[in-house]
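Structure, as structure tokens:
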Amino acid sequence: MLNKRGHIGTTLMVLGALVLVIAALYSFAIFSDKTGEEKEKLKDFISEFSFEQKYVSIVFEDMVKEAIDEVKPEEDFMISFNSSLKKIAERRRNPERKTNLFAKIINEPLNLTLLEDNYVLVLDAVFVKFEEDKSVIERKFNFEIIFNETGIISQSL
Amino acid sequence: MNRKGQLGQIITSFPVLFLLLIIMVLFFVIAGTISAIGLGAKEDVSEYGVEEINSRVLLEMFLGDYILIEGKKEKVEDVLKETEIRDFRGLIQEKFHEKYGCDKNNKLQIYESDVVIYGGGQGAAEQQIYFYVSYPETLDELKTRITNDFKEVLSEGARKKRLENNFIVVVKGNIKC
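Line order of the protein sequences matches chains U and D. Per our numbering, the very first residue in the first sequence carries number 48; after that it's consecutive. Per our numbering, the very first residue in the second sequence carries number 3; after that it's consecutive.
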């Protein structure tokens, strides 16, 4: 006669192994699906932030270039540059952008100094912020741009 | 008859153990496949993401720039939204060419699309696209109305923006040439 208890134990072990294999595969599949969605969300989030960050430095350089071009030779360069840059920032301002760059240029006095033959414009604490649900990414920059009457010499963050 | 004992014997017999081995192998194959698919997707996403970000910067810079209309500076986006585009598409294309064209490496398309239904009842519907600008083509070369030919519209790596008046602006490229 066969030993009942011993066989029930072995049977349970085999069945248990099967259940574990199936459960593990199922959890793999489910886990993959979830990470796929999360990855897509994360990618969008990072992509949005990278865009804002890149856009801010490019738009700042472009506005300075445009302000230099707008100054007429007979005008006082610093005064005229200041007022041009503020006007350009007002035109360029876009409420969709999550930055204080435009507000800082329009509302605050510009830190523009003459150093030998070049002008140095410094813009401190410009931030780029992106938030979605409870996640927030924020980065602060200090822009420094050196230029003269003919164009931009260098720009640093 | 001792059924439980027999069931135990069957389950622990060689063919069943062999079946278990196959299931284990399948486990590794499926797990490996899932992991391989995941790795492939990651590379695609990152490469595509950078291209699209560059296109988006280019698009926003262009739409935020101005064109001169009767000596007055007008924002490109406002011109596209508020005026009859046919009158100014030359100026818009010229601005893109001068400042953002990068020797014709960057691309710009401005179009609107509508669905046209032929015949009554269950008549066939098709999408018609009307191009106003398709840089680097010149306006003279531009085929204006396209029917069911979506290959003409920029897709991967491009950035699209639909304006309030349903004009669609698509840009592909990089502001830094």
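Glycine residues also receive a C-beta, built at the ideal position from the N, C-alpha and C atoms.
Taking 7 Å as the cut-off between beta carbons, the residues of the segment 138-150 of chain U near chain D are Arg138, Arg139, Asn141, in sequence order.
Interface with chain U (7 Å Cβ-Cβ cutoff): D:Val173 is excluded. The CB of U:Asp109 comes closer than 7 Å to the CB of Met63 in chain D, given here in chain order. DSSP places D:Glu79 in the helix class (H, G or I) of the three-state scheme.
According to DSSP, residue pairing for U:Lys187 in a beta bridge involves U:Phe174. Neighbours of U:Tyr102 across chain D, judged by C-beta separation under 7 Å: Val59, Glu62. Measuring C-alpha to C-alpha distances from U:Phe177 to each of U:Ile77, U:Glu87, U:Phe98 identifies U:Phe98 as the nearest. D:Gly66 has a beta carbon lying within less than 7 Å of a beta carbon in chain U. Of all residues in the segment 22-35 of chain D, only Leu22, Ile25, Met26, Leu28, Phe29, Ile32, Ala33 place a beta-carbon less than 9 Å from a beta-carbon of chain U. Ranked by how close their Cα comes to the Cα of D:Lys109, the residues D:Thr140, D:Tyr120, D:Asp80 have D:Thr140 in first place.
A Cβ-Cβ separation of about 16 Å leaves D:Ile71 out of contact with D:Phe98 under the 8 Å criterion.
Excluding the 5 residues flanking it on each side, U:Glu117 has same chain C-beta neighbours closer than 7 Å at Ser131, in chain order. At a cut-off of 7 Å between beta-carbon atoms, U:Val118 makes no contact with chain D. Your pair D:Glu79 and D:Gly66 checks out as a contact, with CB atoms roughly 7 Å apart and the cut at 8 Å.
Taken atom to atom, the span from the alpha-carbon of D:Phe16 to that of U:Gly56 is near 17 Å.
When Cβ-Cβ separations below 7 Å define contact, D:Ile55 makes contact with chain U.
Put simply, the backbone Cα of D:Leu21 is about 42 Å away from that of U:Lys90.
The continuous stretches of beta strand (DSSP E) do not include D:Lys97, which lies in the alpha helix (DSSP H) extending over residues 87-97. Boundaries of the beta strand (DSSP E) harbouring D:Arg147: 147-149, taken from the DSSP string.
U:Val183 sits exposed, since fewer than 16 C-beta atoms from the chains shown fall within 10 Å of its C-beta.
Residues of the segment 54-73 of chain U with a C-beta atom less than 8 Å from some C-beta of chain D are His54, Ile55, Thr57, Thr58, Val61, Leu62, Ala64, Leu65, Val68, Ala71, Leu72, listed in chain order.
Taking the Cα positions, D:Tyr134 is about 30 Å away from U:Phe107. For U:Ile135, the enclosing alpha helix (DSSP H) starts and ends at 124-139.
Cβ proximity to chain U below 7 Å picks out nothing from the segment 85-116 of chain D.
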